[in-house]
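Here the structure comes first, spelled out in structure tokens, and everything after it is commentary.
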Amino acid sequence: MTRDGDRDTTSGMAERPGRFVVLEGIDGAGTTTQAARLVDRLRREGKATVRATREPSDGPIGSLVRQVLTGRIVAPGGRAPGWATMALLFAADRMDHVESDIEPVLAEGGIVVSDRYDASSLAYQSVSSGSGGERAVEWIRQLNRHALRPDLTIVVDLPPDAAAARRASRGEPAQLYEQNETQRALALFYRDLARHMPDDRITVVDGAGSVDEVHERIFAAYRQLEG
Ligand SMILES: Nc1ncnc2c1ncn2[C@@H]1O[C@H](COP(=O)(O)OP(=O)(O)O)[C@@H](O)[C@H]1O
Ligand SMILES: [Mg+2]
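Numbering (our numbering), first residue to last: 84 to 310.
And the structure:
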């Protein structure tokens, strides 16, 4: 697999034995719930190594990013870092995440299920960049051009109002990016994700309905990967 120059356009499936699956969606869409369900299902089906992971990761840079997102770290004056700084932090975390948690599992033929990956950077940092959305997408894409490509990215698609209701029932304080207007723009971006990541395999799954119903849709999408 090429790791330098342009974005790797091969799926990597032929070169590596493992499977790398990513769940994406707006806040409250259910990615965390569904990533856990998918991991449970794969383990019950007897897959030897199934690793659940997430971005921001649990590594040192991911922990820093989480503190920024929850407002525990702010610059003087209370301002959150700008979109480009956030994109750089997320990209650095991703590099560390791939090296520390993802590649070792794939190398031994395991399955990695990540709750978010670089589509989140494309979506969140470009939407929060304001006017230069398309330029920001390109900038962020370049920044992540060395990032290992997933075999499959599943977008859990839920209308922003329904996602907001689920977030409210979760009962946690709102994080950076959780304003309703931002979430509406993110939902549009995610529906159009394939246009922004033309070389990746992306499946959009309806996130409405019970946890079980959504899980069955996601598992069916995963099965297609197994062929
Ligand atoms: N299909 C579903 N129906 C109803 N509530 C759900 C469903 N999926 C998740 N939830 C609940 O909605 C909230 C948000 O889900 P979560 O998985 O944390 O979303 P995300 O990680 O995408 O922000 C949680 O309280 C979760 O228990
Ligand atoms: Mg979550």
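Positions of the beta carbon are idealized from the N, C-alpha and C atoms, including for glycine. Predicted model, so just to flag it, every value in this text is computed and none were measured.
Practice item. Could you tell me whether the segment 140-157 touches the segment 287-294, where touching means 3 or more Cβ pairs closer than 8 Å? Key: Fewer than three Cβ pairs drawn from the segment 140-157 and the segment 287-294 lie within less than 8 Å of each other, which leaves the two stretches out of contact.
Practice item. Compare the beta carbon distance of VAL105 and THR236 with 8 Å and say whether it is the shorter of the two. Key: In contact: VAL105 and THR236 (Cβ atoms closer than 8 Å).
Exercise for review: Can you check DSSP and say which residues form a bridge with ASP198?
Suggested key: ASP198 pairs with LEU106 and ARG137.
Review point. VAL287 bridges to which residues according to DSSP?
Key: DSSP lists VAL238 as the bridge partner or partners of VAL287.
Exercise for review: Indicate the three-state DSSP secondary structure (helix, strand or coil) for LEU112 in the structure shown.
Suggested key: Residue identity differs from the one stated: residue 112 is Ala in this sequence, not Leu. Note: ALA112 maps to coil in three-state DSSP.
Review point. Among GLU261, VAL297, ARG284 and GLN266, which one has its Cα closest to the Cα of THR153?
Key: For THR153, the nearest C-alpha among the options comes from GLU261.
Review point. Would you say the beta carbon of GLY193 comes nearer than 7 Å to a heavy atom of ligand 1?
Key: GLY193 Cβ: outside cutoff for every heavy atom of ligand 1.
Point to revise | ASP198 beta carbon near ligand 2 (any heavy atom closer than 7 Å) | key: Result yes, Cβ under 7 Å from ligand 2.
Practice item. Quick one: grab the DSSP three-state call for GLN266. Key: GLN266: helix per DSSP, three-state reduction.
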